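First residue of the sequence shown? That's 10 in this note's numbering, and the numbers climb one at a time after it.
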Amino acid sequence: MFGLGVIVNSLAVVIASLAALLLKNFIQRLIKKETIENISNTVMAGLALCVIYMGMSGALECKHPIVCIVSMVVGGIIGEALNIDRALNKFGEKLEAKFNKNNNEQVTIAQGFVSASLLFCVGAMAVVGSLNSGLFGDNNILYAKSALDGIVSFLFALTMGIGVLLAAAAVFVYEGAIALCSFLLKGLLATSVITEMNAVGSLLIMALGINIILKSDIKVANLLPAMFIPIIFGVFGVI
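Structure, rendered in structure tokens:
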């Protein structure tokens, strides 16, 4: 169902944040911080394996391997030329600096909101998941992202407070806008083009899972343009 993943992702942030706020004192008395971090790391690793599996499943739908290869090469060159990864990081740093000048409560809320919003929205999983939701009605990537965001929201809310909960609004607007735009453009793209876009996007999802579980540093953001290269092949009738 179109857009359902966006709703689930937003609710996951809300529910996890609320749970953390309600249980904060109890958890801090009952469980050591190190134990919470160990549990989080283990669960995140398990979810990362699921993300890799989903990416692999989608990538296997590729009908024209050469299209995926060329898309990755050309998209990577464009992404590196634009340095999307650096631009996103600098944007986040500017926002962090803006909201972290003082130490009053209002700034703490803003910092939690900005930090969580950037983490949940600025990434290939949000983009690819939203595109899949709009183009195919496939919400599986956003469901997996919901699980990841839920864990992070819980941990963030324990230390940053209610600002993390408010980030759910940013998630809903950002992912919803991408899903809606892709849904409206769906009729303009051939099925073969959408299939290859999905395959390339699935490879990016695999990269995200690898980054999480191996703590590697694949600049997935710089590969985002690769998702749109199959459209060029479609325009020239190659696929």
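Ideal placement from N, C-alpha and C gives every residue a C-beta, glycine not left out. Predicted model only: the values in this text are computed from it and were never measured.
Does DSSP put residue i in a helix, in a strand, or in coil?
| i | result |
| --- | --- |
| glutamate 205 | helix |
| lysine 224 | coil |
| isoleucine 240 | helix |
| methionine 10 | coil |
| lysine 72 | coil |
| alanine 57 | helix |
| alanine 29 | helix |
| valine 17 | helix |
| glycine 170 | coil |
| valine 247 | coil |
| lysine 41 | coil |
| alanine 90 | helix |
| alanine 176 | helix |
| leucine 198 | coil |
Do the CB positions of residue i and residue j come within less than 7 Å of each other?
| i | j | result |
| --- | --- | --- |
| glycine 243 | valine 202 | yes |
| leucine 20 | alanine 166 | no |
| isoleucine 87 | proline 234 | yes |
| leucine 174 | serine 26 | yes |
| glycine 67 | asparagine 220 | no |
| phenylalanine 192 | phenylalanine 35 | no |
| valine 76 | glutamate 205 | yes |
| alanine 188 | valine 52 | no |
| methionine 215 | glycine 85 | no |
| phenylalanine 129 | aspartate 147 | no |
| alanine 3 | isoleucine 160 | Residue 3 lies beyond the stretch modelled for the chain, which goes from 10 to 248, so this question has no answer here. |
| leucine 213 | alanine 153 | no |
Going by CA-CA distance only, name the one from the options that's closest to residue i.
| i | options | result |
| --- | --- | --- |
| phenylalanine 181 | Ala199, Val209 and Ser155 | Ser155 |
| phenylalanine 237 | Leu144, Phe165 and Leu39 | Leu144 |
| threonine 168 | Asn18, Glu46, Val17 and Leu13 | Glu46 |
| glutamate 102 | Gly170, Ile40 and Ala125 | Ala125 |
| arginine 95 | Asn231, Ser49 and Ala177 | Asn231 |
| alanine 179 | Leu69, Ala135, Phe245 and Ile241 | Ala135 |
| isoleucine 150 | Gln120, Val60 and Leu32 | Val60 |
| asparagine 18 | Gly196, Tyr183 and Leu198 | Tyr183 |
| serine 225 | Ile24, Ser49 and Ala54 | Ala54 |
| alanine 28 | Ile241, Leu194, Leu164 and Val229 | Leu164 |
For chain B, find out if any of its Cβ atoms is closer than 7 Å to the Cβ of residue i; answer yes or no.
| i | result |
| --- | --- |
| glycine 85 | Among the protein chains of the structure shown there is no chain B, as only one such chain exists. |
Just to confirm, does residue i get its C-beta within under 6 Å of one of the non-hydrogen atoms of the ligand ATP?
| i | result |
| --- | --- |
| glycine 146 | The model on display carries no ligand, and the ligand ATP is accordingly not part of it. |
Uninterrupted alpha helix (DSSP H) stretches inside the stretch 136-170 (no shorter than 4 residues): Note on the stretch 136-170: whole alpha helix (DSSP H) runs with a minimum of 4 residues are 149-169, in chain order.
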